[in-house]
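Some notes on the structure that comes next.
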Amino acid sequence: MERILEPEIMDGEEQAKVYATADFAEENQGFVDQFLALYPDLQEGTVLDLGCGPADIPVRLLRSRPGLCVAAVDASGPMLHWAEEAVRQAGLEDRIKLICGRFQDVQLDGPADAVISNSLVHHVPNAFQFWYALKTLAKPGAPVLIMDLLRPETTEEAQALVDQYAADEPDQLRHDFYHSLLSAFTEDEIAAQMAEMNLSRLLIDVPDDRHWLVSGRVY
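Numbering (my numbering), first residue to last: 5 to 223.
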């Protein structure tokens, strides 16, 4: 099945609300736990989160690593309103800097000590822009953890995944999940992109039936 693009920016108020109030606690904590397990030595510095959404992952990360700060980037204004509230409620305004803008346009004060991203790449029309940003915004040797959806072979398989994992979710979330699956990349496509961008030291894994995961250090 060929990739079918979806909008790059989730800028609808209702769409952002549905996503921000959905229960992704298990998935987000799993992402954070994996990052912590992979990089126990990263105790201080700035982590760049590309596509931070409602900032649940940065909040969870900083609760476990009090020496870290996060630069959290998202192009959706409505989504960052939810992020601002989450950061305020967590009392982390001094450690999480929210940046409203496309990741392609981000400029940091200095290179990031680590980079994370969950579910951004499938929104990007040209994924090479993402890998280029990863290389240019991270300092040499910076640990990374990138996770995103895996495109199934058929639309029927995509619908089956939605029915299996989002059966009781709101219609908007089910709609977005389905179209995100169609817009996602395959493992082979991600591997080819990283090879072309000289990111072959990064490792790609497929941990389940709907995600790919990239980890390692950027050089």
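All residues carry an ideal CB built from backbone N, CA and C; glycine is no exception.
Check: Less than 8 Å between the CB atoms is what I'm expecting for Val218 and Ile150, so what's the real figure, rounded?; Outcome: 4 Å
Check: How would you label Thr140, buried or exposed, when you count the other beta carbons within 10 angstroms and need 16 or more for buried?; Outcome: exposed
Check: With DSSP as the reference, identify every bridge partner of Val148, one or two as the case may be.; Outcome: Val119 and Gly220
Check: Please determine if the region 21–32 and the region 97–106 are in contact, where contact requires at least 3 C-beta pairs separated by less than 8 Å.; Outcome: no
Check: Does the distance between the C-beta of Ala137 and the nearest non-hydrogen atom of the ligand MG fall short of 7 Å?; Outcome: The ligand content of the structure shown is nil, which means the ligand MG is not present either.
Check: Measure the C-alpha to C-alpha separation of Thr25 and Phe39 and round it to an integer number of angstroms.; Outcome: 23 Å
Check: Over what stretch of residues does the alpha helix (DSSP H) that includes Thr140 continue unbroken?; Outcome: Ala131 to Leu141
Check: Taking only three categories from DSSP, how would you classify Leu165?; Outcome: helix
Check: Going by Cα to Cα distance, which pick from Ile194, Leu203 and His126 is closest to Leu9?; Outcome: His126
Check: Any idea which residues DSSP pairs Phe239 with across the strands?; Outcome: Past the boundaries of the shown model lies residue 239; the chain is included only from 5 to 223, so the question cannot be answered.
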